[in-house]
Structure formats: C-alpha cells, structure tokens
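To keep things clear, I will list the structure first and then write my remarks on it.
Numbering (the working numbering), first residue to last: 146 to 308.
See the structure below:
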C-alpha cells in the first residue's frame, strides 16, 4: 500500500470529490474538512485493505479499481464504481471489522479517518457532522433495503415463513 499525507488544500482532489455523485450534498467547506481527514491510498491487486476482526477508524471511498468484500472467506460483493463506500460499519460504531476488503485489481481509495470528526468543534462539527452522518445513513439504508430484498428472495426459495 502506498499513501499520501493528509490532503489539506488539495484542489485536484477537491475537483475529483465534486465529480462523485455521493459527494453532491457536501459544500466546498465540508469537502475541505473531509480532505483534511483523508489520505489517498493505492493498493495492488490482491492486497488486503480491511481485515475482518480488526479495529480501526477508517472509511474508504473507491476512486478506481475493484474491491472484493468477503465475510468468513465468502464473497459478499465486488465494488467497482467510483464513490462506492466500504469500511463504514466498523468505523462508525467502533466495533471490529465485520468483513474483509481486498483489491481485485490495482485500486485507489480516498481513506477517511473519522477519528478526526470528533476533534472538530463548534459550527464545523455540527455542519460537517450532520452532512457526513446523513450520507452514512443513506448508504446504510440502501444496503439494508438490498439485504432485506435478498432475505425475502432466499426465504421464498426455501419456503420459510416470515416472523
């Protein structure tokens, strides 16, 4: 893995973030705060990004490449769209990582350390925190809907009763 320093005042990255649909709800000052908490990390194919069972405070936004998410060695999904997020659950609730993430191809991620969100104060913390947690809520809500749909389909295939 190769990584940059934290991305303070990085105009190129600011433009890259603005081009990501997931970042549309952020204002420039909020994106600046996000960059101050973030690094660019480059991974080679096969390299481990997140290890199931470990703890850390990083959330990843895929910039390019493909990432395989596995749980107990079984593939859950492969992410390949710019702006897709992974690693958010363990970082948000301070629990151990529930899954692993490995680069399928060479990949570049914006890695954001949410530990620094707690260091913001006053209006910065309120404004940025609101938008950031709203974004995380939307991501988790979408994933919960997908999981519910998959559960319903699986139960239908094996003819199980609901609750």
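The beta carbon of each residue, even a glycine, is placed where N, CA and C say it ideally should be.
Keep in mind that this is a model prediction, so the values were computed, not measured.
Tell me whether the beta-carbon of residue i lies closer than 8 Å to the beta-carbon of residue j.
i           : j           : result
residue 252 : residue 212 : yes
residue 232 : residue 261 : no
residue 180 : residue 153 : yes
residue 146 : residue 188 : yes
residue 228 : residue 183 : no
residue 284 : residue 230 : yes
residue 273 : residue 163 : no
residue 244 : residue 191 : no
Just curious, the alpha helix (DSSP H) that residue i is in, first and last residue?
i           : result
residue 195 : Not the alpha helix (DSSP H): residue 195 falls in the beta strand (DSSP E), residues 193 to 195.
residue 233 : 233 to 238
Beta strand (DSSP E) containing residue i: first to last residue?
i           : result
residue 249 : Neither: residue 249 is in no beta strand (DSSP E) and is coded neither H nor E.
residue 219 : 219 to 224
Quickly, what does DSSP pair residue i with across the bridge? List them, please.
i           : result
residue 269 : The partner list for residue 269 (beta bridge, DSSP) is empty, contrary to what the question assumes.
residue 230 : 206
Point to revise | Whole alpha helix (DSSP H) elements within the stretch 152 to 215, 4-residue minimum | key: 156 to 163 and 173 to 181
Exercise for review: Tell me, please, whether the stretch 193 to 203 touches the stretch 289 to 296 by the rule of three or more beta-carbon pairs shorter than 8 Å.
Suggested key: no
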